[in-house]
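Working notes, structure below.
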Amino acid sequence: DGTRVVASTDDIKGSDGYADISFILATADGGKLKYKVKTSTSAPHDDHAVLFNGREADAMFGEMAGFEDNVIEVPRGKQLVTLRHRKNPGGLSDSLLKGLGKVPTNGMTWLEDLRFEAS
Numbered sequence: 008d009g010t011r012v013v014a015s016t017d018d019i020k021g022s023d024g025y026a027d028i029s030f031i032l033a034t035a036d037g038g039k040l041k042y043k044v045k046t047s048t049s050a051p052h053d054d055h056a057v058l059f060n061g062r063e064a065d066a067m068f069g070e071m072a073g074f075e076d077n078v079i080e081v082p083r084g085k086q087l088v089t090l091r092h093r094k095n096p097g098g099l100s101d102s103l104l105k106g107l108g109k110v111p112t113n114g115m116t117w118l119e120d121l122r123f124e125a126s
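Residues 8 to 126 (the working numbering) make up the sequence shown, in order.
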């Protein structure tokens, strides 16, 4: 419906952590999870990931000029789907991250138009 959600690395307290949107999909035949994403993240500082039942299915980072369509195959059965903006996903030390220099991105992920299409 055009609703947009924004996650920012600056809003995550501590040296690592995440912001999640989670929901359950139960489907006999699987399907496709579709949404629009715009990310301004820099690995290893932050990224956007999708998890099914706690296992990573997709991850991305970079500087997107605009929203891009993303499609992920959802396995059949009951799936806990998590859309996650991660701060320091590798759990690196603060000194190592600071040694990498200034981050050129905004540390944000925008999501909109999330939908599921059954197979």
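Here a beta-carbon is modelled for each residue, glycine too, at the ideal position from N, C-alpha and C.
Alpha carbon to alpha carbon, what distance is there between residue j and residue i?
i: Arg83; j: Ala33; result: 7 Å
i: Lys20; j: Arg93; result: 12 Å
i: Thr16; j: Gly114; result: 5 Å
i: Asp76; j: Val44; result: 6 Å
i: Leu107; j: Ser126; result: 44 Å
i: Pro51; j: Tyr25; result: 14 Å
Just tell me which of the options has its CA closest to the CA of residue i.
i: Asp18; options: Ile31, Thr116, Glu80, Lys39; result: Thr116
i: Ala66; options: Ser102, Leu58, Gly98; result: Leu58
i: Ile79; options: Val12, Asp23, Tyr42; result: Tyr42
i: Thr89; options: Ala35, Thr10, His55; result: His55
i: Asp23; options: Gly98, Phe30, Val12; result: Gly98
i: Ala64; options: Thr48, Met71, Arg91; result: Arg91
i: Gly73; options: Leu107, Val110, His52, Leu118; result: Leu118
i: Glu70; options: His52, Thr46, Lys85; result: Thr46
i: Gly37; options: Ser49, Asn60, Val81, His52; result: Val81
i: Ala14; options: Phe123, Asn60, Lys105, Asp53; result: Asp53
i: Thr48; options: Ala125, Glu124, Leu121, Thr112; result: Thr112
i: Arg11; options: Ala125, Leu121, Ser126; result: Leu121
i: Asn95; options: Leu87, Gln86, Ile28, Phe68; result: Phe68
When we look at the beta-carbon of residue i and count the other beta-carbons within 10 Å, is it buried (16 or more) or exposed?
i: Arg62; result: exposed
i: Ser100; result: exposed
i: Asn60; result: exposed
i: Phe30; result: exposed
What does residue i pair with, by DSSP beta-bridge criteria?
i: Phe123; result: Leu40
i: His55; result: Met67, His92
i: Ala14; result: Thr116
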